[in-house]
Amino acid sequence: MHKSLVSFDKFLRDLFQLCLKYNVLVCLVTIYLFAFSGYQTRNLTQSVTIEDQLDPSMQSSKDLETLKDSFGSNTSLSLIVFPGNKNFFEHKDLCHLQENINSSVRNDNIISDFTSPFKLRYAEPGTNSLSYQRVLVNPCEEIQQSVNPLSPLLKTPWHSLLTDREAKDVTFNFTVYPKDPPGFYGDFDAEGIETFMKEMESHLPKSFYWSGPLAMQFYTLKGLAQSQWLNFMVIFVIWVTLRIYFGTWRGGGIFLLSLFFSSGVIYGGMAMAGHPMDMLSSCLFLILAVSSLEDFIFVAQHQLETNEGFIKSHLELITPSFFTSLTTILGFGSLMTSDLLPIRRFGMWAALGSTTEWIAMFLLVPAFMQRFPSWRNWVNDTKAFKISKTKKIIKKKPSSHFAKFALIVFIFSFFSIKNFRLSQTPSEMFPKNHPYQKMIDYVRGNRGWEAEASLFIHHNVSEEKRKKLLEFVSKEPSVQNVEDYRKAFGFITHKLTDPLEKEMVQTEFSHSKFAERYLSDSKDERAILYLKTTNTQKLNELRSAVADLCPTHECWVGGEIIAFADFSRSLIHTLFDSFFLSLVLVGLVISYLAWASRKHSYFSLIIASFWGPAVILCLIYAFDLSINFVTCIIASTLVGLTGDNAIQFIFAAKDDSLEKGIEERGPSSLYCALTMGLCSLVFLGSYFEAPKILGVLLAAGFFFSLIGDVWILNGLTPKKRS
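Count along the sequence shown from 1, then add 23; that gives the number in the working numbering.
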């Protein structure tokens, strides 16, 4: 072993002995740090809106902020009601519906504004007078007709918003006050919205859907709350499997305490830094669980096999486990070079989490064991369940020809990467039977669109160019319909012929609250785009097409869904680029350790370590899965484990061949893969659709990584000379 590695190993061992010597101080500091971090987590917030999860430095985020400042924030909750099995609503049904909605709105203090199709009016001239007539008649008047009372909506510019193509359903829109002061979920008033929805539902027929940004946030919040139970299930699976492997419940308890400490420190740190929980940081617990579980199993298995006690087992594993943690730290730390703020935050906390996990397992836990002798008995050979013939399974050595043939997977993985679908559709986060997904399918099928965006036009843009812009976006493949100021004003004045009357109506209309939908105080204009798709790739194409027409940014397409698409593209590219950078760093660490340990199987070690992730890349392409947040999380997690087994085998081999190291540490690798695979499959019970895919792919990733790390490496390693 090279002297540089020997010196570093001595440094870690001395640090370990120092913690044992001052175990009382270490225990007190650990308890204080855990209590302090736990107390700080009360200030942790959870992002449930798309806007809160974006990078504020991106142009699309700045555009979204401009839209909010000019036209108000989109804190809307929509209700779509349809007559069930009837062909259309009867007047008495609409009257009952309108009365109940008006009553609920009056009795609720979270609704700041309320839009109803029964409020729509148009100007009608009279003899020396001008009046505003209802588009729909008052449904509570005594009218008995066999015609559809909602059919007049089809002639308005808002037909695709307020009703479907056949005027069978009707939509009401509610604007909600933000929560003041903000709470755990920011200014999203989850409790108030849930109360309002339940009050409304008590008066509604069975056929209705909730839609709009607040509905999506509400359902997302429900899913996040349910997902906490999955974390508890993961904890339960780990505790039970550790009891099976090592014969005591105490071992699992010690592991969970170290995991809670690491998680508490990280989440407390996030709270103190003012960093919210978002879609990326929500997987930090899984990353910590996976990385710390690996260290624990290797230490516990060594103690079980040698019966040498916790000190010798920790000292034996302290250096190799440091390097396995180092590869994880380097992998996530590389994300800190990203231009995106959420990526930098995620990379920093994931790297710190991996560091904290190693410190907890190899410095803090031994100090507690030294102080409390009862903690030392965490394995029991007589009660441990041993997988029969484990050693023989691990020692299986496929032929070198088979192992080399298996490397063809790298060719397929290269082809897969070149043909990945770099897109995602946010609306598909819910399963097909979820009310929100049913609403999306219903609106898409009956109205032809599924989301809204805005075309912003600066007030200095000429009238001629405005018309060309509106014509251009109306012909875009991803746009179903365009609603703008001219269409609205044209409908309101469609019965007027006198220019003076039109001018008077225009003056009144421009100062009305409804006109704020289209015109800002500075006379900037926006048109509402009804989008056929929320596919991020297609939305980015729409944004780019409009940007080409306005090189000085005098017009642009914006909105939450547009900003998300732009952010998603940058995020996916950044995470995937980091995936390959991490592999390079892991390869360098393995090469150094192989050189320092005088092992010459550099190529075999690196190739075998990368084989499992390469298989997963092929599977992603084979099953036509898009590269989105979920697949990037899978890539990040697998990178965190890539090379770990190879590093353990290098240190276990000592002066012998790699076969000796594989034989000694192989059972621990098998236990890790089995446990992590079981934990991953827990996500099949997720509220959301994406984590189900995450669970299956992660389980497959752990399985194929084990095959590569053990059997492919065995096949590529030259036979021992007798």
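Note that beta-carbon positions come from the ideal geometry of N, C-alpha and C, so glycine has one too.
E339 CB to nearest heavy atom of the ligand GDP below 6 Å: Among the components of this structure there are no ligands whatsoever, and the ligand GDP is therefore not found.
Distance CB(L721)-CB(S703) smaller than 7 Å: yes
7 Å Cβ cutoff, A146 in contact with chain C: Absent here is chain C; the protein component of the structure consists of one chain.
Assigned secondary structure, A407 (DSSP; H/G/I helix, E/B strand, else coil): coil
Neighbourhood of V502 by C-beta, 8 Å cutoff - its chain only, sequence neighbours within 5 removed: V496, L552, Y553, L554, K555 and L565
contact_flag[the stretch 399-408, the stretch 585-602] where n(CB pairs < 8 Å) is 3 or more: no
Sequence-distant residues of its chain with Cβ nearer than 6 Å to T264 (five each side left out): T698
Coil, strand or helix - W252 by DSSP: helix
The stretch 103-115 touching the stretch 55-68, judged by at least three CB pairs closer than 8 Å: no
Inter-residue Cα distance where the pair is S27 and A619: 8 Å
Closest Cα partner of F443 within the set L648, E122, M256 and L664: L648
Assigned secondary structure, I730 (DSSP; H/G/I helix, E/B strand, else coil): helix
Sequence-distant residues of the same chain with beta carbon closer than 7 Å to R188, five excluded per side: N469 and R470
Beta-carbon spacing of T351, V288 below 7 Å: no
Range of the contiguous alpha helix (DSSP H) that encloses G370: L364 to I382
Spatial distance of K441 from L606 (CA atoms): 18 Å
C-alpha gap between T72 and A213, whole angstroms: 12 Å
Residues near K683 in its chain [Cβ-Cβ closer than 6 Å; skip 5 each side]: A676
Reference F20; option with closest CA among I133, M359, A383 and P228: Any property of residue 20 remains undetermined from this structure, which presents the chain solely from 24 to 745.
Nearest-angstrom beta carbon gap, Q447 and S591 [assumed within contact, 8 Å]: 6 Å
Rounded straight-line distance, which links the Cα of L237 to that of T342: 50 Å
Secondary structure, alpha helix (DSSP H): runs of 4+ residues fully inside the stretch 472-510: 486-497
Close beta carbons around W472, own chain, < 8 Å, minus the five adjacent residues each side: S183, V466, Q503, N504, Y553, L554 and K555
Residue span of the alpha helix (DSSP H) that contains D37, given as start and end: K26 to K44
Rounded straight-line distance, which links the Cα of L143 to that of L445: 42 Å
Three or more C-beta pairs below 8 Å linking the stretch 535-553 and the stretch 454-462: no
Contact between the stretch 729-739 and the stretch 306-325 (3+ Cβ pairs under 8 Å): no
Range covered by the alpha helix (DSSP H) that runs through A390: V388 to R394
Simplified DSSP assignment, three categories, for M81: coil
Residues sharing a beta bridge with A550, DSSP: L478
Status (buried if at least 16 other CB within 10 Å, exposed otherwise) for I431: exposed
Boundaries of the beta strand (DSSP E) in which Q156 is found, first to last residue: S152 to R157
K427 to S397 span [Cα, whole Å]: 49 Å
Through-space distance from L340 to I267, alpha-carbon basis: 22 Å
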